[in-house]
Amino acid sequence: MFASDMNSVREASRVTTAGMMLFPIQFTWPYGGRSVFISGSFNRWAELVPMSQVEGAPNVFQAVCAVSHGCHEHRISAVTLNQAVPRISEEDVQACRHRISVFLAAHTAYELLPESGKVVALDVNLPVKQAFHILSEQGIALAPLWDNCKGKFVGVLSASDFILILRELGNHGSNLTEEELETHTISAWKEGKAYMNRQVDGHGRPIPKHLIYAGPCDNLKDIALKILQSGVAIVPVIHSSSEDGSFPQLLHLASLSGILKCLCRYFKHCSGSLPVLQLPIYAIPLGTWVPRIGESSSRPFAMLRPTASLSSALNMLVQARVSSIPIVDDNDSLLDIYSRSDITALAKGRAYTHNLNEMTIYQALQLGQDSNTPYEMRSQRYQMCLRTDTLLKVMEQLANPGVRRLVIVEAGSNRVEGVVSLTDVFRFLLG
């Protein structure tokens, strides 16, 4: 959207035979292309106006259009250059994977530990409601679970648990009462979840699920493989001074992001020796992509409008087995992203007691943002990249704290083309 400025262009304006005053407005496209065109509401979308390449700036195109006073919409269409997809030998790929594997195998979880910090753990006998509020207040999406009777850590409570809880209790009525959350302990939920997933023995008793954890001396490659193979977001780093494992100490929550940060720090200045890191992500290819017209896909790419219900978003997260959903406008341009971790925002004002079918995604996202939050902070909720960005650049973005995926967008329009996650990167790097 734009508004014409009458003062700046009044002298160059002209009047049509119908008495309408038109003003010359210059449009610029700085993202390159073979041919670039513009159309808009100012010409009733009836004509594609060619844009001219700016002399001395091969990637910049401009056009001047006659526009009436007021607000208008416009769209720029670029025909990209038919560049050959970069190729790299299988030998180079394997050499890169070998060097990265050797590096990860030579470094331990100790290198992930911060100089100072805190790790939140929850007692398994806490009510779900209280646990829900603790995670929200602490600004975290998961926490290890401590069983005082057993004297050890027994699991992890995550945002995915809360999504399943809300869906399960919501099936028994339109609204969720606080009493239902108050009577449900974390331990009771985990036991009920085992029954739901049919993780029971021959006597109908739930099979205890062992905690996936690492020791401080475990190497980073083994920790990364544990995360990938188990499908978890974090692995608690636990140390015990006794041989029987009693009196365990929770040191850290290891994640792929922290491991990737170590990788980037080491390979940043020697990436030239690993040509794979200089490949654009579309050439690998890396990530999950929106199917192009005529292409078949094993599963549809998950996207939603901001007016969709929150319950539809939660259902899609579970059924599509994804950790986030891009929120787009009618042109499929990125507006925001709804992630599993956003579920903890429902603790504000006890929004989880509302009918989730009547709450929109937009309303749910607003719960996690204060009205006085600067735009710059709000825009950090999600990170974007281009299909032409190199693997190394994508790795460096994903290594930032709190970033678990990047939305791949089209330059200029921000139209969603795909998503690349930490898991995608490590599955490729570790083969």
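If you're matching positions, the sequence shown starts at 1 in full-length UniProt numbering and goes up one per residue.
Ideal Cβ positions, reconstructed from N, Cα and C, are used throughout, including at glycine.
Beta-carbon proximity list for residue i, same chain, < 8 Å, skipping 5 on both sides
| i | result |
| --- | --- |
| Y110 | P216 and C217 |
| A12 | In this predicted model, A12 has a pLDDT of only 46, less than 50, meaning its place in the structure is not dependable; the value taken from the coordinates is given anyway. Excluding sequence neighbours, A12 sits near F23 and P24. |
| P374 | With a pLDDT of 43 at P374, under the threshold of 50, the modelled position of this residue cannot be trusted; read the value that follows with caution. The answer is none, since no qualifying residue turns up. |
| V394 | I281, L286, C385, L406, V420 and V425 |
| S390 | Rather than Ser, the amino acid found at residue 390 in this sequence is Thr. Around T390: L277, Q278, L279, P280 and I281. |
| M316 | A302, L304, V322 and I325 |
Boundaries of the beta strand (DSSP E) in which residue i is found, first to last residue
| i | result |
| --- | --- |
| Q62 | A57 to S68 |
| E73 | No beta strand (DSSP E) holds E73; DSSP gives it neither H nor E. |
| Y338 | L334 to S339 |
| I327 | S324 to V328 |
Neighbourhood of residue i by C-beta, 6 Å cutoff - its chain only, sequence neighbours within 5 removed
| i | result |
| --- | --- |
| N372 | Any reading at N372 needs caution, since the residue's pLDDT is 44, under 50, leaving its predicted position unreliable; the model's value is listed next. For N372, where only same-chain residues beyond five positions count, there are no Cβ hits under 6 Å. |
| Q319 | none |
| N357 | S309 and S311 |
| N414 | S333 and L334 |
Chain-order list of residues whose beta-carbon lies under 7 Å from that of residue i (same chain, five-residue window excluded)
| i | result |
| --- | --- |
| E376 | Confidence at E376 is low in this model, with a pLDDT of 43, below 50, so its placement is unreliable and the value that follows should be read with caution. Excluding positions up to five away in sequence, the list is empty. |
| E410 | E417 |
| I140 | V120 |
| residue 451 | There is no way to answer for residue 451, as the model of the chain reaches only from 1 to 431. |
| S52 | F61, Q62 and A63 |
| A399 | S257, L260, K261 and C264 |
| A188 | none |
| I212 | K226, S230, V232 and V235 |
| S379 | Residue placement at S379 is poorly supported in this model, since its pLDDT is 48, which falls under 50; the coordinates still yield a value, given next. Cβ within range, chain order: n/a, list empty. |
Any C-beta of chain D under 7 Å from that of residue i
| i | result |
| --- | --- |
| L181 | Considering every chain present, this structure includes no chain D. It has just one protein chain. |
Buried versus exposed, by CB contacts within 10 Å (16 or more), residue i
| i | result |
| --- | --- |
| M20 | exposed |
| T28 | exposed |
| V64 | exposed |
| V419 | buried |
| K268 | exposed |
| V102 | exposed |
| D336 | buried |
| C385 | buried |
| S174 | Its pLDDT being 44, under 50, S174 is placed unreliably in this model, and the value from its coordinates should be taken loosely. Counting Cβ neighbours within 10 Å, S174 comes out exposed, since fewer than 16 surround it. |
| A131 | buried |
| S158 | buried |
| C96 | buried |
| G258 | buried |
| L422 | buried |
| A313 | buried |
| A214 | buried |
| D342 | buried |
| K118 | exposed |
| R387 | buried |
Which listed residue (the options) has its alpha carbon closest to that of residue i
| i | options | result |
| --- | --- | --- |
| A194 | V67, E410 and D161 | D161 |
| S333 | G287, E417 and Y382 | E417 |
| W146 | L286, K190, S89 and V36 | K190 |
| D424 | I361, D330, L286 and L335 | L286 |
| L260 | L386, L112 and Q26 | L112 |
| V184 | L126, G431, K226 and N414 | In the sequence as displayed, the identity of residue 184 is His instead of Val. Per the Cα distances, L126. |
| R44 | S240, E73 and P326 | E73 |
| G155 | L250, P58, H107 and L310 | L250 |
| S323 | T307, T360, R350 and Y382 | Y382 |
| I186 | P144, K221 and Y213 | P144 |
| L164 | R321, K150 and I408 | R321 |
| A66 | Q26, V407, L279 and L228 | Q26 |
| residue 472 | S77, S41, I88 and S89 | Outside the modelled stretch of the chain, which goes from 1 to 431, sits residue 472, for which no answer is possible. |
| S137 | F247, T390, L367 and L429 | Before going on, a small fix: residue 137 reads as Glu here, not Ser. With distances taken between Cα atoms, E137 lies closest to L367. |
| E55 | G32, S77, I76 and H69 | G32 |
| S77 | P50, A57, E90 and L228 | P50 |
| G431 | T390, T307 and I284 | I284 |
| L253 | S240, P236 and S246 | P236 |
| S339 | V124, A364, H354 and L48 | A364 |
| D222 | I38, A105, L429 and H354 | A105 |
| I408 | V93, I327 and F37 | I327 |
| Q94 | E182, L166, P275 and G117 | P275 |
| S246 | V290, L122, N148 and D92 | N148 |
| D330 | T288, H210, T307 and S39 | T307 |
| D244 | T288, K150 and A224 | K150 |
heavy atom of the ligand FMN below 6 Å from residue i C-beta
| i | result |
| --- | --- |
| A143 | The ligand FMN is not part of this structure, which contains no ligands at all. |
Opening and closing residue of the alpha helix (DSSP H) in which residue i lies
| i | result |
| --- | --- |
| V102 | E90 to A105 |
| I361 | I361 to L367 |
| S311 | L310 to Q319 |
Which ranges would you report for the alpha helix (DSSP H) in the stretch 18 to 54 if only whole runs of at least 4 residues count?
-> Taking only runs of at least 4 residues, no alpha helix (DSSP H) segment lies wholly in the stretch 18 to 54.
Where in the UniProt domain "CBS" (377 to 431) do unbroken runs of the alpha helix (DSSP H), each at least 4 residues long, occur, reported from the N-terminal end onward?
-> Runs found: 391 to 398 and 422 to 429.
List in chain order: all unbroken beta strand (DSSP E) runs of 3+ residues lying wholly within the stretch 202 to 279.
-> Entirely contained in the stretch 202 to 279, the beta strand (DSSP E) runs reaching 3 residues are, in chain order, 234 to 239 and 249 to 255.
Kindly provide the ranges of any beta strand (DSSP E) runs that are 3 or more residues long and lie completely inside the UniProt domain "CBS" (112 to 174), ordered along the chain.
-> Considered as a whole, the UniProt domain "CBS" (112 to 174) harbours 142 to 147 and 152 to 158 as its complete beta strand (DSSP E) runs of no fewer than 3 residues, in chain order.
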